[in-house]
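I have placed the structure first, in the form of structure tokens, so that the comments after it can refer back to it.
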Amino acid sequence: MGHELTHRYTHVETGLVENVVIRRTTDTETYPSGWKYTLHLGTLQDLTLVRYDNAHEDTKGHELHTAAGDADVEFPGMEELIVEFWASADEYWDTVGGNPPRPY
Numbered sequence: 001m002g003h004e005l006t007h008r009y010t011h012v013e014t015g016l017v018e019n020v021v022i023r024r025t026t027d028t029e030t031y032p033s034g035w036k037y038t039l040h041l042g043t044l045q046d047l048t049l050v051r052y053d054n055a056h057e058d059t060k061g062h063e064l065h066t067a068a069g070d071a072d073v074e075f076p077g078m079e080e081l082i083v084e085f086w087a088s089a090d091e092y093w094d095t096v097g098g099n100p101p102r103p104y
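The numbers in UniProt numbering rise by one with no breaks, and the one at position 95 of the sequence shown is 95.
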């Protein structure tokens, strides 16, 4: 089963870390969406602020993790999800004056 890396970056600034890893996958039994991804923004003290992932897509689906807790989410497609993640992450980056160099 193959995984083709499509995006990967990590940006650390002003106490926050943004880490994005997106892979296309042919392992549709484990990842029915055809994607394996982690879209993470957190603090350097290991507090997750916003993280979308599908680490257990075959059993748990797509998830949103925040400091307030976890929730199952619908998967709108990879492009829509990354835009949603960046919009949520920007609320935190704007607060601390950060500016991650994203590939968009």
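Using N, Cα and C, we set each Cβ at its ideal position, and we do this for glycine too.
(1) On the DSSP bridge assignment, give the partners of residue 19 in chain order.
(2) How big is the Cα-Cα spacing for residue 75 and residue 52?
(3) Starting from the Cα of residue 40, find the closest Cα among 16, 103, 56, 29 and give me that residue.
(4) Suppose contacts are defined by Cβ-Cβ distances below 7 Å. Is residue 98 in contact with residue 13 by that definition?
(5) Starting from residue 63, trace the beta strand (DSSP E) both ways and give me its first and last residue.
(6) I'd like the span of the alpha helix (DSSP H) that includes residue 31, first residue to last.
(7) Once the 5 residues before and after residue 62 are set aside, which same chain residues still bring their CB inside 6 Å of it?
(8) Looking at residue 86 and the ligand MG, is the gap between the Cβ and the nearest heavy atom below 6 Å?
According to the structure data:
(1) In DSSP, residue 19 forms a bridge with 10, 40.
(2) Taking the straight line joining both Cα atoms gives about 10 Å.
(3) Of the candidates 16, 103, 56, 29, the one whose C-alpha sits nearest the C-alpha of residue 40 is 16.
(4) Taking 7 Å as the Cβ cut-off, residue 98 and residue 13 qualify as a contacting pair.
(5) First-last of the beta strand (DSSP E) with residue 63: 62-66.
(6) Unbroken run through residue 31: none, as it is neither H nor E.
(7) Once the five neighbours on either side are set aside, the close Cβ partners of residue 62 are 54, 73, 75.
(8) Here there are no bound small molecules, and the ligand MG is not part of this structure.
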